[in-house]
Structure formats: C-alpha cells, structure tokens
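**Student:** In our numbering, the protein residues as written are 77 to 207.
All C-beta atoms, glycine included, are put in the ideal place defined by N, C-alpha and C.
#1: Short of 7 Å in beta carbon distance, which residues of its chain neighbour residue 133, apart from the five on each side in sequence? Order them along the chain.
#2: Using a Cβ-Cβ cut-off of 8 Å (strictly less than) and excluding sequence neighbours within five positions of residue 192, which residues of its own chain qualify?
#3: Taking only three categories from DSSP, how would you classify residue 207?
#4: When the Cβ atoms of the region 105-119 are set against those of the region 139-154, are three or more pairs found closer than 8 Å?
#5: Expressed to the nearest angstrom, what Euclidean distance is found between the alpha-carbon atoms of residue 198 and residue 131?
#6: Going by DSSP, what residue range makes up the alpha helix (DSSP H) through residue 139?
#7: So residue 190 and residue 181 are in contact, right, with Cβ under 8 Å, and what is the actual spacing, rounded?
#8: Buried or exposed: residue 107, going by 16 or more other Cβ atoms within 10 Å of its Cβ?
#9: What are the start and end residues of the alpha helix (DSSP H) that includes residue 151?
#10: How is residue 103 classed by DSSP in three states: helix, strand or coil?
#11: Can you name the start and end residues of the alpha helix (DSSP H) that residue 180 belongs to?
#12: Report the CB separation of residue 161 from residue 125 in whole angstroms; it is logged as a contact under 8 Å.
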C-alpha cells in the first residue's frame, strides 16, 4: 500500500505533466499503477485542484512577495498548488502539508533554496486564511 507521501508525489508528477503535455489527468492516471490510479486521495486531489486552479493560483499569488506565479519554476508551482489546496480545502493538518511541500521541493526543485521560499509562501497562506 502506498503512503500518503507517495500518493502526493504522484499527484505532483501528474499535475506537472498536465501543465506540460497535451494529456489530461484522466489519460495520465491511466498510465499509472493501479494503486495510484484508483486512489481516492489522488483522484479527489487532482480533480479539485484543477477545478479550483484559478482560485488557488490567486491565493498563492497574493502571498508571493515581489514575485509573479508565472516566474516560479513549473515544479514549485505544482508543489504550492498541492499544499495550498490541502491547507484550504482538506482536513490534512497544515503543518503536514507544509512539511510535505518542503520535502517535495528539496527533491524536485531546480534551486537548492526553493524549499525556504515555498515554506514562507505557505506560512503566509496559513496566516491569511485564519484571519
């Protein structure tokens, strides 16, 4: 059985591919292992992130200091989308979401210090969403 961390990583990879290919997430899910393609977490998270993408991106943008969302690396954008979604729309504790985002950033981001930036943006989202 895949851990939530592994499933979140699969969501990250699929979101990245959706943004960079002509395939939609259903087609991409069909290419995954059955354990991933049938996961309730994966399907629900992908569906809701893509449905709420504009709203999520606006919230992320409002927490970027002197940056534009388009300037972020494609990887960092997907990591922020997943974690922002979890913070705002799921019952996953925000500390878990932020920690997972930092770990994904350390593994996949193009810049060594991206995880610090991601951590700061996500803390801003938490602070602004609880006001």
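**Tutor:** In this structure, then:
#1: The sequence position of residue 133 within the chain shown is 57, counting from 1. In chain order, 145 place their CB closer than 7 Å to the CB of residue 133, counting only its own chain and leaving out the 5 sequence neighbours on each side.
#2: Within the chain shown, the letter at position 116 stands for residue 192. Here the set comprises nothing.
#3: Your numbering for residue 207 matches position 131 in the chain shown. Per-residue confidence for residue 207 stands at a pLDDT of 48, beneath the threshold of 50, marking its modelled position as unreliable; the derived number appears in the next sentence. Three-state result, residue 207: coil.
#4: The region 105-119 is not in contact with the region 139-154.
#5: Counting from 1 along the chain shown, the entry for residue 198 is found at position 122. Counting from 1 along the chain shown, the entry for residue 131 is found at position 55. If I take the Cα positions, the gap works out to 15 Å.
#6: Translated into positions along the chain shown, residue 139 becomes position 63. First-last for residue 139: undefined, no H or E at that position.
#7: Counting from one through the chain shown, the residue named residue 190 turns up at place 114. Counting from one through the chain shown, the residue named residue 181 turns up at place 105. Between residue 181 and residue 190 the Cβ distance is about 5 Å, and since that is below 8 Å, they are a contact.
#8: For the purposes of this step, residue 107 is taken as residue 31 along the chain shown, with counting starting at 1. The residue is exposed, with fewer than 16 neighbouring Cβ atoms inside 10 Å.
#9: To locate residue 151, count along the chain shown from 1; it is residue 75. Taken as a continuous stretch (DSSP letters only), the alpha helix (DSSP H) holding residue 151 covers 150-165.
#10: Position 27 of the chain shown, counting from 1, holds the residue named residue 103. Looking at residue 103 - three-state DSSP - the assignment turns out to be helix.
#11: Taking the chain shown and counting its residues from 1, one reaches residue 180 at position 104. For residue 180, the uninterrupted alpha helix (DSSP H) segment begins and ends at 170-184.
#12: For the purposes of this step, residue 161 is taken as residue 85 along the chain shown, with counting starting at 1. For the purposes of this step, residue 125 is taken as residue 49 along the chain shown, with counting starting at 1. Yes, residue 161 and residue 125 are in contact; Cβ-Cβ is about 5 Å, under 8 Å.
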